[in-house]
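In this note's numbering, the protein residues as written are 5 to 104.
Here is the structure:
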């Protein structure tokens, strides 16, 4: 069985000494801003690849967005895979609503 995307990203974070939290946690503003910069960069690359029209390039950039999104969730202690499963059967996740 293949490891989940979250497990792969968690392994990467641990290998390079990056933040990886198991419970929802507030993070320092600087770290949150850094994660936002990474997401902005990757989403921009998706837009560029989409305009270019090369499907292999677009696929690569979309995978990068997912990877960075999982990393951002991990930094914040959010179980993104679990949220995907929850969102399939309810109106939306509420377990993180009080975390700021």
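In this text, a Cβ means the ideal position worked out from N, Cα and C, and glycines have one as well. Bear in mind that the values here come from a model prediction, so they are computed numbers and not experimental data.
- Judged by their CB atoms, residue 84 and residue 24 are not nearer to each other than the 7 Å cut-off.
- With contacts defined by Cβ atoms closer than 7 Å, residue 50 and residue 66 form a contacting pair.
- Setting aside the 5 residues that flank it on each side, residue 39 is surrounded in the same chain by 76 and 79, each with a C-beta closer than 7 Å to its C-beta; the list follows chain order.
- Burial is judged here by how many other beta carbons sit within 10 angstroms of a residue's own beta carbon; residue 26 has fewer than 16 and is exposed.
- Of the candidates 56, 28 and 45, the residue whose Cα lies closest to the Cα of residue 70 is 45.
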